[in-house]
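J.: Residue numbers (UniProt numbering): 1 to 331.
For glycine and all other residues, C-beta sits at the position ideal for the given N, C-alpha and C.
I have a structure here, written as structure tokens, and I will follow up with some questions on it.
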């Protein structure tokens with residue numbers, strides 16, 4: 001298909017003017033550009049549609065060429081065997097030898113040996129580092145040439161080339177003390193860190209303790225968990241329960257219901273302490289986890305104690321029908 005210049009006038013642009021004449025270049029209008037794009041498009045379509053044929057032709061040409069080369073080689077070898085052609089070895093070109101002085105060679109060998117030794121040491125150190133990393137069980141990142149084992153999202157210890165750990169000296173577990181206050185009742189219990197724990201376990205325990213330290217108050221009950229100071233020889237059961245549950249990952253709000261329940265039982269024990277005989281009268285309500293109902297009575301020789309527990313976390317103790325506001329007892 002051809003375009004007639006009379007139907008579609010095409011303007012020419014002067015490219016260069018010389019003595020032998022002026023050279024023009026046709027300026028492309030939108031029709032010419034569209035035509036060029038159509039040519040490129042259909043050319044690609046033709047190549048795509050006949051891709052297999054073109055590849056077969058190329059393979060055929062390659063095989064034909066290989067066949068010609070194989071037949072030519074066979075003919076040449078036949079002529080050599082018949083004595084028509086002779087084979088002559090080309091004399092190798094002279095190669096100038098380069099002589100090195102022995103002290104230069106000795107220096108090179110020495111440097112090479114030192115480099116190999118340093119490389120072997122680095123490989124052994126790397127092996128110790130990654131062996132240690134595999135044992136500590138912490139997320140590891142390689143940052144700025146350091147192997148960092150992250151204890152939290154931002155705090156980390158560095159595993160050095162000797163397979164040891166580098167971290168601040170104050171990353172040491174001290175143990176935890178839990179105290180519970182209700183009116184004039186004070187309870188305390190402490191848990192010491194494991195004496196035979198490894199360095200990594202001590203670091204983990206340190207950050208676990210930091211995450212557990214807190215204060216919580218509800219319904220007149222104050223719970224405080226802090227770093228242990230002193231020997232920590234008090235072992236109140238409720239306080240120990242709080243620390244163990246917090247270490248297990250439970251929140252203080254989750255375990256407060258049981259703290260309230262067993263604290264109500266402990267207060268009853270404090271009131272009846274010193275009396276030779278007492279009788280428990282189950283009254284009414286659901287049986288709670290401690291085996292007693294929501295409301296029950298305890299009779300002594302001089303007192304009638306009434307316990308009224310309201311799940312999930314409220315209670316009231318009455319002594320001779322008077323709400324108890326003092327128990328006169330600490331842990």
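#1: Check each candidate in 206, 199, 61, 307 and name the one with the smallest Cα separation from residue 132.
#2: Considering only their Cβ atoms, is the gap separating residue 272 from residue 302 smaller than 7 Å?
#3: Taking 8 Å as the threshold, find out whether the segment 217 to 229 comes into contact with the segment 166 to 186 through three or more Cβ pairs.
#4: Please state the DSSP three-state secondary structure of residue 62.
#5: Let me know if residue 173 comes out buried or exposed under the rule of 16 or more other beta-carbons within 10 Å of its beta-carbon.
#6: In the structure shown, what three-state DSSP assignment does residue 264 receive?
#7: When DSSP builds the beta bridges, which residues end up paired with residue 214?
#8: Going by C-alpha distance, which of 311, 317, 108, 289 is nearest residue 298?
#9: Compare the C-alpha of residue 218 against each of 245, 250, 209, 183 and name the closest.
#10: Quick check: what's the CA-CA separation for residue 74 versus residue 57?
#11: Do the CB positions of residue 187 and residue 257 come within less than 7 Å of each other?
#12: To the nearest angstrom, how far is the alpha carbon of residue 81 from that of residue 54?
#13: Tell me the rounded alpha-carbon separation between residue 171 and residue 243.
#14: Could you tell me the distance, in whole angstroms, from the CA atom of residue 307 to the CA atom of residue 289?
T.: Reading from the atomic positions:
#1: Residue numbering aside, residue 132 sits at position 132 when the chain shown is read from its first letter. Of the residues 206, 199, 61, 307, the one whose Cα lies closest to the Cα of residue 132 is 199.
#2: Counting from one through the chain shown, the residue named residue 302 turns up at place 302. Counting from one through the chain shown, the residue named residue 272 turns up at place 272. Contact: no.
#3: yes
#4: Within the chain shown, the letter at position 62 stands for residue 62. Correct three-state label for residue 62: helix.
#5: Here residue 173 corresponds to residue number 173 of the chain shown, with the count starting at 1. Looking at its Cβ environment, which holds 16 or more other Cβ atoms inside 10 Å, residue 173 is buried.
#6: Numbered from 1 along the chain shown, position 264 holds the residue referred to as residue 264. DSSP, read as helix, strand or coil, puts residue 264 in helix.
#7: Within the chain shown, numbered from 1, the residue matching residue 214 stands at position 214. Residue 214 has 225 as its beta-bridge partners, per DSSP.
#8: Reading the chain shown from its first residue, position 298 is the one you call residue 298. When each option's Cα is compared against that of residue 298, the closest is 317.
#9: Reading the chain shown from its first residue, position 218 is the one you call residue 218. That would be 183, whose Cα lies nearest to the Cα of residue 218.
#10: As a first step, residue 74 is located in the chain shown; it is residue number 74 there, counting from the start. As a first step, residue 57 is located in the chain shown; it is residue number 57 there, counting from the start. Cα to Cα, residue 74 sits roughly 26 Å from residue 57.
#11: Residue mapping note: residue 187 aligns to position 187 of the chain shown, counting from 1. Residue mapping note: residue 257 aligns to position 257 of the chain shown, counting from 1. No, the pair does not count as a contact, with Cβ atoms beyond the cut-off.
#12: Residue 81 sits at position 81 when you count from the first residue of the chain shown. Residue 54 sits at position 54 when you count from the first residue of the chain shown. Using only the alpha carbons, I get a separation of about 41 Å.
#13: Translated into the one-based positions of the chain shown, residue 171 becomes position 171. Translated into the one-based positions of the chain shown, residue 243 becomes position 243. Cα to Cα, residue 171 sits roughly 20 Å from residue 243.
#14: By one-based count along the chain shown, residue 307 stands at place 307. By one-based count along the chain shown, residue 289 stands at place 289. Going by the C-alpha atoms only, they are around 15 Å apart.
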